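**Q** The listed protein sequences correspond, in order, to chains A and B.
Letter by letter, the first sequence follows residues 1 to 260 of the numbering used here.
Letter by letter, the second sequence follows residues 261 to 861 of the numbering used here.
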Amino acid sequence: MIEVANLNKRYGEFVAVRDLSFSVAPGQVLGLVGPNGAGKTTTLRCLAGIIPCTSGLVTIAGRNLASDPVAAKRELAFFPDEPRLFDYLTVRQHLAFIARIYGVPDAESRAAPLLEELELADKADLLPNELSRGMKQKLVIACGLLHGPRVMFFDEPLTGLDPLGIRRMKDSIVRRARAGAAIVLSSHLLHLLEEVCTHVLILKQGEKIADGTLAEVSARFSRGEAGVSLEEIFLRATSDEPPPPPAPEPATLQDPPLLP
Amino acid sequence: MIGALLYWRLHSLRNRVVAWVVRLRQPKYLASFLAGAAYIYFIFLRRVHFGGGPAHTLTAPSLNGRTVTVSLALPAALISEVGGFLLLAYLFGNAFFIWSAAAPEARLKFTEAEIAFLFPAPLSRRRLIHFNLISTELTVLISSLFLTLITDRGSFLGGNALTHAVGWWIILSSVSLYQNALTFVASRAVERFGPRAKRNALVLLTLGALYAVRALWLTARAPSAIDPRVLTSTFVYLTDWLRTGLGAGLVRPFAWVIAPFAAPTFGAFLLALGPALLFPALCYAVILGLQVPFRDGSIAAAGRRAQQRAAQRAIGTPRGVRAYRPRRSPFALKPGGRPEVAFLWKNLIGIQSWFNLRVVLVILIAGALVMVNVSHAGRSHSNLATATVVLTVAAIAGFYVMLLGPQLIRQDLRSDLPNADVLKVYPLRGWQIVSGQMLTPALLLSLLMWLTALVAGWAFLSTAQPGSPITFGMRLAGLICVCAVIPAVTLLQLVIPNAAALLFPGWHQAVRTRGGGIEAIGQRLLFTFGQFLGVLVALLPAALTAPLIVVSAVGWGLGVIPGLAAATLFALAVILGEVWVGLWWLGERFERLDIALELKP
Numbered sequence: 001m002i003e004v005a006n007l008n009k010r011y012g013e014f015v016a017v018r019d020l021s022f023s024v025a026p027g028q029v030l031g032l033v034g035p036n037g038a039g040k041t042t043t044l045r046c047l048a049g050i051i052p053c054t055s056g057l058v059t060i061a062g063r064n065l066a067s068d069p070v071a072a073k074r075e076l077a078f079f080p081d082e083p084r085l086f087d088y089l090t091v092r093q094h095l096a097f098i099a100r101i102y103g104v105p106d107a108e109s110r111a112a113p114l115l116e117e118l119e120l121a122d123k124a125d126l127l128p129n130e131l132s133r134g135m136k137q138k139l140v141i142a143c144g145l146l147h148g149p150r151v152m153f154f155d156e157p158l159t160g161l162d163p164l165g166i167r168r169m170k171d172s173i174v175r176r177a178r179a180g181a182a183i184v185l186s187s188h189l190l191h192l193l194e195e196v197c198t199h200v201l202i203l204k205q206g207e208k209i210a211d212g213t214l215a216e217v218s219a220r221f222s223r224g225e226a227g228v229s230l231e232e233i234f235l236r237a238t239s240d241e242p243p244p245p246p247a248p249e250p251a252t253l254q255d256p257p258l259l260p
Numbered sequence: 261m262i263g264a265l266l267y268w269r270l271h272s273l274r275n276r277v278v279a280w281v282v283r284l285r286q287p288k289y290l291a292s293f294l295a296g297a298a299y300i301y302f303i304f305l306r307r308v309h310f311g312g313g314p315a316h317t318l319t320a321p322s323l324n325g326r327t328v329t330v331s332l333a334l335p336a337a338l339i340s341e342v343g344g345f346l347l348l349a350y351l352f353g354n355a356f357f358i359w360s361a362a363a364p365e366a367r368l369k370f371t372e373a374e375i376a377f378l379f380p381a382p383l384s385r386r387r388l389i390h391f392n393l394i395s396t397e398l399t400v401l402i403s404s405l406f407l408t409l410i411t412d413r414g415s416f417l418g419g420n421a422l423t424h425a426v427g428w429w430i431i432l433s434s435v436s437l438y439q440n441a442l443t444f445v446a447s448r449a450v451e452r453f454g455p456r457a458k459r460n461a462l463v464l465l466t467l468g469a470l471y472a473v474r475a476l477w478l479t480a481r482a483p484s485a486i487d488p489r490v491l492t493s494t495f496v497y498l499t500d501w502l503r504t505g506l507g508a509g510l511v512r513p514f515a516w517v518i519a520p521f522a523a524p525t526f527g528a529f530l531l532a533l534g535p536a537l538l539f540p541a542l543c544y545a546v547i548l549g550l551q552v553p554f555r556d557g558s559i560a561a562a563g564r565r566a567q568q569r570a571a572q573r574a575i576g577t578p579r580g581v582r583a584y585r586p587r588r589s590p591f592a593l594k595p596g597g598r599p600e601v602a603f604l605w606k607n608l609i610g611i612q613s614w615f616n617l618r619v620v621l622v623i624l625i626a627g628a629l630v631m632v633n634v635s636h637a638g639r640s641h642s643n644l645a646t647a648t649v650v651l652t653v654a655a656i657a658g659f660y661v662m663l664l665g666p667q668l669i670r671q672d673l674r675s676d677l678p679n680a681d682v683l684k685v686y687p688l689r690g691w692q693i694v695s696g697q698m699l700t701p702a703l704l705l706s707l708l709m710w711l712t713a714l715v716a717g718w719a720f721l722s723t724a725q726p727g728s729p730i731t732f733g734m735r736l737a738g739l740i741c742v743c744a745v746i747p748a749v750t751l752l753q754l755v756i757p758n759a760a761a762l763l764f765p766g767w768h769q770a771v772r773t774r775g776g777g778i779e780a781i782g783q784r785l786l787f788t789f790g791q792f793l794g795v796l797v798a799l800l801p802a803a804l805t806a807p808l809i810v811v812s813a814v815g816w817g818l819g820v821i822p823g824l825a826a827a828t829l830f831a832l833a834v835i836l837g838e839v840w841v842g843l844w845w846l847g848e849r850f851e852r853l854d855i856a857l858e859l860k861p
């Protein structure tokens, strides 16, 4: 569903993302992790077509993002860490606007359950400034899901949500992956990765350090120790020490999803 | 305490100046700074009078061959009294505003940052108030200097730039202190006497307003030998009332506040300083003396200001307009259809805070009244001059709408550039986004241009006389042709400022978010000039060819009206072709826009 080959993003001399390749199949959730400035958000923005890649190939649901951006973007939704909304449109007006942009014929019948699910039904006539941050985030999600995307990119999806919101967001991500969506999310919250992601990709200074299923990446950095936490794995992977060589039989992200 | 304030202010100022100077190394900022600085110098600074003595005089040769120098300065007493009256009226209106609030609460003007740092700090109430007042005075000082630049342009004042600056400082400080003091008094009164205090205050204020209206009404009806058409005479007329009775007593303290500003000489200025400081001193004493809690009110007010500023940045709402209120959809937006219409719909909602059905109705009624009046004048043959004046005024208004409209109505890609990352995710080509965004300002400007064209055209039609070579039919055809071309010209005009925003997104954003300054003035000048020049060049092919088509049509015996129609069709084709090329190019540019790189100021 998502194919990335040799993705590079440069700003002058600075290389934000270097030679990144991976793929995400339907039903898989790929967690993009790395220290601050590793290039996670830049990667997600390149994949969503927000910023142009310097070089490389991105394919979304079989559509080349560079040569056929409209068809590719019809299949995707991008959820930024900071909710970006139009200050003067109400919740309902946001959905009407998005429905027209994406040409969603049954927008009304789709919007009602979305608003219910995201607890926005009673706030449909409020403006963004009348919503809490978490509610704004939910509105962004409602807008993103209205057209039924098959590919989703979440940038720090849990920022600003309360514990119940976090729980629901996790459930929502898992449910949509089970329904066949390919999802990439970036987060510093490692417990989120453990609960939600089937695969993980560790970035450092724009370069891929490791990728694979959680088990594979853990195995690579555990150095034979048992019960090493993901936090420890992350710290080892992103430390300045040279990473251990990859396992003899590298796994690919095309493995069957690990979702229960 | 004062040391900390000065340290903060001076270092903030120094850091801003350093950042500003660093930015000026970039040619685009330097160019806009130079343009803005030149404008300020030639319009304001060149005329400021720094010396002492009478400021503005007129020297002219008299009949007997000698030169005569006449002072153009208005009498200081007149300025003081009329100014005092205006100040009183302003403060009176302020009192209405503050007492009309649902629950008047004491507040001082702190920024959100000041609240975050100072309110939890171990500062006494008195120190916090002093911090605020001194901080406000620094802002007032800058405003005073700016106002001095404006008022010293005129030739009606005595004194000099220094006395005017200090005069403005006293006036603005008085207003600021009064507003704070009034919130304290209102809050204390409501706290002590309950809602009764608010009701009584509003009744008293209403009675005062009625008294003032009655007094002014009587004054206006009073027989006088003075010609009321002369502006100066009207001032004198008004001051007659202000110098007698209750009016005099009420206005006097406020006239004292104005007196230093109006002082013709430095000596008079020094003498006026003492009484002028009485009113602000009284307000200061009230603020310090009334032990009213002000933190909650200040926090709420700071939040409101921050919200309004954010709205102004986000959607370009004019200052002072309530930005946040749910607005009705202008029309039902169906999910199917051209996606560009969604942008029109969205932006029409966005502008409703300052441009709504009520405003449209007022404009249309005003236009209709003018047209009816002109129609009568034209038909009666008694007042063709009126129609000519209306025609001229409407034409000038149309020219200004054409020149400045695209710079003022910016509800297009320019206002949505901060949301570029959201827009770029949409499954649309760049030209679709750009053209959709431009529909709202195009519609608005077309409406305004149509209105001015209709008024001008109506006046033109009204002046048609029997036997005139330009017949009524020709005039009507001309009007229809102009109206047909207007939307295309408007779109063409909007291509240029949107192109500027996309070509220099960082520049556009930086000046927009920093909210003004010399560079902003310069940037607007350059953009307005560039846009005007661009439109002229773009219109040249159509403007040069269209008359030839009309002349050819007449030469071939087809007549003027078919010639006008053919010329209009040709002009439309050329202009729309240019618009299409512009939109396509802008779309390409938008798709290639790297917001991570280019939207950094």
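C-beta atoms are modelled at their ideal positions from N, C-alpha and C, and glycine is treated no differently.
Fair warning: this is a prediction, and the values are worked out from it, not measured in the lab.
Contact between the segment 167-183 of chain A and the segment 144-153 of chain A: three or more CB pairs below 8 Å?
**A** Output reads yes: the segment 144-153 of chain A touches the segment 167-183 of chain A.
**Q** Check residue 616 of chain B in the structure and name its three-state DSSP category.
**A** Looking up residue 616 of chain B in the second sequence gives position 356. Coil at residue 616 of chain B, not helix or strand.
**Q** If you measure from the beta carbon of residue 831 of chain B to each beta carbon in chain A, is any gap under 9 Å?
**A** Taking the first residue of the second sequence as 1, we reach residue 831 of chain B at position 571. Closer than 9 Å: no.
**Q** Flag this pair as yes or no: are the beta carbons of residue 517 of chain B and residue 445 of chain B separated by less than 9 Å?
**A** Here residue 517 of chain B refers to the residue found at position 257 when the second sequence is read from its first residue. Here residue 445 of chain B refers to the residue found at position 185 when the second sequence is read from its first residue. Cβ atoms of residue 517 of chain B and residue 445 of chain B: not closer than 9 Å.
**Q** Helix or strand or just coil, what does DSSP make of residue 525 of chain B?
**A** One-based indexing of the second sequence puts residue 525 of chain B at position 265. DSSP places residue 525 of chain B in coil when its eight states are reduced to three.
**Q** By Cβ distance below 8 Å, which residues in the same chain neighbour residue 624 of chain B in space, the five residues on each side in sequence not counted?
**A** As a working mapping, residue 624 of chain B is identified with position 364 in the second sequence. Excluding residues within five positions, the ones whose Cβ falls inside 8 Å are 711.
**Q** If you check the beta carbons only, do residue 674 of chain B and residue 761 of chain B fall under 9 Å apart?
**A** Numbered from 1 along the second sequence, position 414 holds the residue referred to as residue 674 of chain B. Numbered from 1 along the second sequence, position 501 holds the residue referred to as residue 761 of chain B. The answer is yes: Cβ separation under 9 Å.
**Q** Less than 7 Å between C-beta atoms, sequence neighbours within five positions excluded: which residues of the same chain meet that for residue 237 of chain A?
**A** Taking the first sequence and counting its residues from 1, one reaches residue 237 of chain A at position 237. 202, 209, 210, 221 and 243.
**Q** Do you know offhand how far residue 439 of chain B's Cα is from residue 449 of chain B's?
**A** Taking the second sequence and counting its residues from 1, the one referred to as residue 439 of chain B is at position 179. Taking the second sequence and counting its residues from 1, the one referred to as residue 449 of chain B is at position 189. Distance between the alpha carbons of residue 439 of chain B and residue 449 of chain B is about 15 Å.
**Q** Out of A/78, A/62 and A/79, which one is the CA nearest neighbour of residue 71 of chain A?
**A** To locate residue 71 of chain A, count along the first sequence from 1; it is residue 71. If we check each option's Cα against that of residue 71 of chain A, A/62 comes out closest.
**Q** Just to confirm before moving on: does the CB-CB distance between residue 357 of chain B and residue 558 of chain B stay below 9 Å?
**A** Indexing the second sequence from 1 puts residue 357 of chain B at position 97. Indexing the second sequence from 1 puts residue 558 of chain B at position 298. Contact flag unset, no.
**Q** Grouping DSSP H, G and I as helix and E and B as strand, with all else coil, what is residue 55 of chain A?
**A** As a first step, residue 55 of chain A is located in the first sequence; it is residue number 55 there, counting from the start. Correct three-state label for residue 55 of chain A: strand.
**Q** Kindly indicate which three-state DSSP category residue 371 of chain B falls into: helix, strand or coil?
**A** Counted from its first residue, the second sequence places residue 371 of chain B at position 111. Looking at residue 371 of chain B - three-state DSSP - the assignment turns out to be coil, as it is neither helix nor strand.
**Q** Does residue 430 of chain B come within less than 9 Å of chain A when only Cβ atoms are used?
**A** The residue labelled residue 430 of chain B in the question sits at position 170 within the second sequence. No, because no Cβ of chain A sits closer than 9 Å to the Cβ of residue 430 of chain B.
**Q** Closest to residue 27 of chain A by CA distance: which of A/239, A/128 and A/197 is it?
**A** Start at 1 with the first residue of the first sequence, and residue 27 of chain A comes out as number 27. It is A/197.
**Q** Can you look up residue 65 of chain A in the DSSP assignment and give me helix, strand or coil?
**A** Along the first sequence, one-based indexing puts residue 65 of chain A at 65. Of the three classes helix, strand and coil, the one that applies to residue 65 of chain A here is coil, per DSSP.
**Q** For residue 856 of chain B and chain A, any beta-carbon pair shorter than 9 Å?
**A** For the purposes of this step, residue 856 of chain B is taken as the residue at position 596 of the second sequence. At least one chain A Cβ lies under 9 Å of residue 856 of chain B.
**Q** Are the beta-carbon atoms of residue 698 of chain B and residue 755 of chain B separated by less than 9 Å?
**A** Mapped onto the second sequence, residue 698 of chain B falls at position 438. Mapped onto the second sequence, residue 755 of chain B falls at position 495. Contact: yes.
**Q** Identify whether residue 223 of chain A lies in helix, strand or coil by the three-state DSSP scheme.
**A** Start at 1 with the first residue of the first sequence, and residue 223 of chain A comes out as number 223. Three-state DSSP puts residue 223 of chain A in coil, outside helix and strand.
**Q** Closest to residue 67 of chain A by CA distance: which of B/396, B/851 and B/665 is it?
**A** Working through the first sequence from its first residue, we reach residue 67 of chain A at position 67. It is B/851.
**Q** When DSSP builds the beta bridges, which residues end up paired with residue 10 of chain A?
**A** Your numbering for residue 10 of chain A matches position 10 in the first sequence. Residue 10 of chain A pairs with A/15.
**Q** Assuming residue 207 of chain A is part of the beta strand (DSSP E), what are its boundary residues?
**A** Position 207 of the first sequence holds residue 207 of chain A. Unbroken beta strand (DSSP E) run through residue 207 of chain A: 207-213.
**Q** Please decide whether residue 76 of chain A counts as near chain B, where near means a Cβ-Cβ distance under 9 Å.
**A** By one-based count along the first sequence, residue 76 of chain A stands at place 76. Answer yes: the Cβ-Cβ gap between residue 76 of chain A and chain B drops below 9 Å somewhere.
**Q** Output the boundary residues of the beta strand (DSSP E) element that contains residue 264 of chain A.
**A** The shown model of chain A, from 1 to 260, leaves out residue 264 of chain A, and the question about it has no answer.
**Q** Would DSSP call residue 171 of chain A helix, strand or coil?
**A** For the purposes of this step, residue 171 of chain A is taken as residue 171 along the first sequence, with counting starting at 1. In the structure shown, residue 171 of chain A sits in a helix (DSSP, three-state: H, G or I).
**Q** With a 10 Å radius around its C-beta and 16 neighbouring C-beta atoms as the bar for buried, classify residue 622 of chain B as buried or exposed.
**A** Against the second sequence, residue 622 of chain B aligns to sequence position 362. Label assigned to residue 622 of chain B: exposed.
**Q** Write down the C-beta distance between residue 715 of chain B and residue 630 of chain B rounded to the nearest angstrom, noting that I regard them as a contact closer than 8 Å.
**A** As a first step, residue 715 of chain B must be located in the second sequence, where it is residue number 455. As a first step, residue 630 of chain B must be located in the second sequence, where it is residue number 370. Between residue 630 of chain B and residue 715 of chain B the Cβ distance is about 5 Å, and since that is below 8 Å, they are a contact.
**Q** Can you find a C-beta in chain B that's less than 9 Å from the C-beta of residue 271 of chain A?
**A** Because chain A in this structure spans residues 1 to 260, residue 271 of chain A falls outside the shown range and cannot be described.
**Q** Against chain B, does residue 80 of chain A count as a neighbour if the rule is that its beta carbon must be under 9 Å from one of theirs?
**A** As a working mapping, residue 80 of chain A is identified with position 80 in the first sequence. At least one chain B Cβ lies under 9 Å of residue 80 of chain A.
**Q** Using CA coordinates, which residue listed in A/30, A/25, A/7 and A/13 is at the minimum distance from residue 19 of chain A?
**A** For this step, residue 19 of chain A is matched to residue 19 along the first sequence. Of A/30, A/25, A/7 and A/13, the residue nearest in Cα terms is A/7.
**Q** Compare the C-beta of residue 458 of chain B against all C-beta atoms of chain A and say whether one is closer than 9 Å.
**A** Looking up residue 458 of chain B in the second sequence gives position 198. Not an interface residue.
**Q** For residue 487 of chain B and residue 591 of chain B, what's the separation of their Cα atoms in angstroms?
**A** Here the question's residue 487 of chain B lines up with position 227 in the second sequence. Here the question's residue 591 of chain B lines up with position 331 in the second sequence. Caution is warranted here: a pLDDT of 48 is assigned to residue 487 of chain B, below 50, making its placement in the model unreliable, and the coordinate value is therefore given only provisionally. Distance between the alpha carbons of residue 487 of chain B and residue 591 of chain B is about 54 Å.
**Q** Between which two residues does the beta strand (DSSP E) holding residue 604 of chain B run?
**A** Here residue 604 of chain B refers to the residue found at position 344 when the second sequence is read from its first residue. From DSSP, residue 604 of chain B is part of no beta strand (DSSP E) but of the alpha helix (DSSP H) over 600-610.
**Q** Is it the case that the Cβ atoms of residue 758 of chain B and residue 672 of chain B are separated by a distance below 9 Å?
**A** Here residue 758 of chain B is taken as the residue at index 498 of the second sequence, counted from 1. Here residue 672 of chain B is taken as the residue at index 412 of the second sequence, counted from 1. A contact, by the Cβ cut-off of 9 Å.
**Q** So, under 8 Å CB-CB, residue 813 of chain B and residue 803 of chain B are touching, yes? Tell me the CB distance rounded to an integer number of Å.
**A** Residue mapping note: residue 813 of chain B aligns to position 553 of the second sequence, counting from 1. Residue mapping note: residue 803 of chain B aligns to position 543 of the second sequence, counting from 1. That pair is no contact at about 17 Å.
**Q** For residue 539 of chain B, count the other beta carbons within 10 Å of its own beta carbon; 16 or more makes it buried, fewer makes it exposed. Which is it?
**A** As a working note, residue 539 of chain B is residue 279 in the second sequence. Buried, by the Cβ-count rule.
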